[in-house]
């Protein structure tokens, strides 16, 4: 798998003038060009400009944030991997593209980087990362028993080369565990040298079964758990920023004290940037538009289905709306659809990340002596 491409700086490579508005359109275009692509990849000559640049730019007409890996799977089969580089909010789109792929002789299509076999290792900038020089242990905290905090110990990491070794180790883990597992199963990751280790080291070969065991325990504990927020009340929180502008938040503070937060570990944030009043608040028309968009999101992300509306905050020409979710795929699709629908009306950014104990919202749980913002 020797070739990698993304969208950055490739606009001159557009090859197709065919309209591409669906996965079916994309794969029809691909099928018309696949013999040329196959021959180029097999020859290993000009793969990036002749294959990857053209594919990624036509794929980007459907969704940005996707990347490609391409190489010979075996003597007669080219494998094309569509990856998000670990970006959670784009995973569902990589999966959907591959699910829609046709069967083509000589081709293998894969969503996300697959798990590597035992014995796999990489060498980057002269630094090796593999199961013979990596170990691990886990940290546990009684107040956050479901948090998976992994410490990777590299035999050769020292202060002089720490950044390069950590980078090589990170890339190794992404391939060793597989992109989906690496992006979704570990909550906190540290990479240290042997001299920094504080616990007994475990061989890396035990990491995959350890993570699978923890995942199974988590699913058994929380699967199917839902929260009805119909009777919850929302609190209005106000603060003054350092520049004197107001910050206004409307938050389900009762939900923030819920003892089953890990059952909804995925935080989805949709951020609207607008041209506000002098105090950073939206004008009447913008206020109505943002309310309309938020209502449309809430109509698709129901609490009973596992999507809890934490609340929203507005300040400095930005409104952020927060959800805690049982999973990340549906929020990705809903929020991307909303972004595309209102692209000409307001700037919309989306982020999705894991936060099992909703620590992102601790700032909303203020004591009498606390300020909402610093």
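Residue numbers (this note's numbering): 344 to 717.
Even glycine gets a Cβ: it sits at the ideal position worked out from N, Cα and C.
Are the CB atoms of residue i and residue j nearer to each other than 7 angstroms?
i: residue 437; j: residue 455; result: yes
i: residue 492; j: residue 548; result: no
i: residue 599; j: residue 708; result: yes
i: residue 473; j: residue 480; result: no
i: residue 519; j: residue 459; result: yes
i: residue 475; j: residue 605; result: no
i: residue 507; j: residue 468; result: yes
i: residue 615; j: residue 689; result: yes
i: residue 637; j: residue 664; result: yes
i: residue 591; j: residue 657; result: yes
i: residue 335; j: residue 593; result: An answer regarding residue 335 cannot be provided, because it is not within the stretch 344 to 717 covered by the chain.
i: residue 421; j: residue 390; result: no
i: residue 466; j: residue 424; result: no
i: residue 535; j: residue 512; result: no
Counting only the same chain and skipping the five closest in sequence on each side, list residues whose C-beta sits under 7 angstroms from that of residue i.
i: residue 558; result: 528
i: residue 685; result: 636, 691
Mark residue i as exposed unless 16 or more other C-beta atoms lie within 10 angstroms of its C-beta, in which case mark it buried.
i: residue 674; result: buried
i: residue 525; result: buried
i: residue 576; result: exposed
i: residue 603; result: exposed
i: residue 619; result: buried
i: residue 699; result: buried
i: residue 427; result: buried
i: residue 517; result: buried
i: residue 579; result: exposed
i: residue 478; result: buried
i: residue 568; result: exposed
i: residue 372; result: buried
CB-CB under 6 angstroms to residue i, same chain, minus the five flanking residues each way: which ones, in chain order?
i: residue 650; result: 644, 666, 668
i: residue 672; result: 435
i: residue 540; result: 496
What does a CB cutoff of less than 8 angstroms around residue i pick up in its chain, not counting 5 residues either side in sequence?
i: residue 521; result: 455, 456, 457, 458, 459
Between residue i and residue j, which are expected to be in contact by the criterion C-beta below 8 angstroms, what is the C-beta distance as a whole number of angstroms?
i: residue 793; j: residue 571; result: The structure shown has nothing for residue 793, since the chain only spans 344 to 717.
i: residue 623; j: residue 659; result: 4 angstroms
i: residue 410; j: residue 394; result: At roughly 14 angstroms, the Cβ-Cβ gap does not stay under 8 angstroms, so residue 410 and residue 394 are not in contact.
Worksheet item: Hey, which unbroken runs of the alpha helix (DSSP H) at 4 residues or more fall wholly within the region 433-507?
Response: 434-442
Item to complete: May I have a chain-ordered list of the beta strand (DSSP E) segments no shorter than 3 residues that lie completely inside the region 583-609?
Response: 589-594
Item to complete: Run through the region 511-556 for me and flag every whole beta strand (DSSP E) of 3 or more residues, listed as ranges in chain order.
Response: 531-536, all fully within the region 511-556.
Discussion item. Suppose only complete runs of 4+ residues qualify. What are the alpha helix (DSSP H) ranges in the region 643-691, listed by chain order?
Written reply: 672-684
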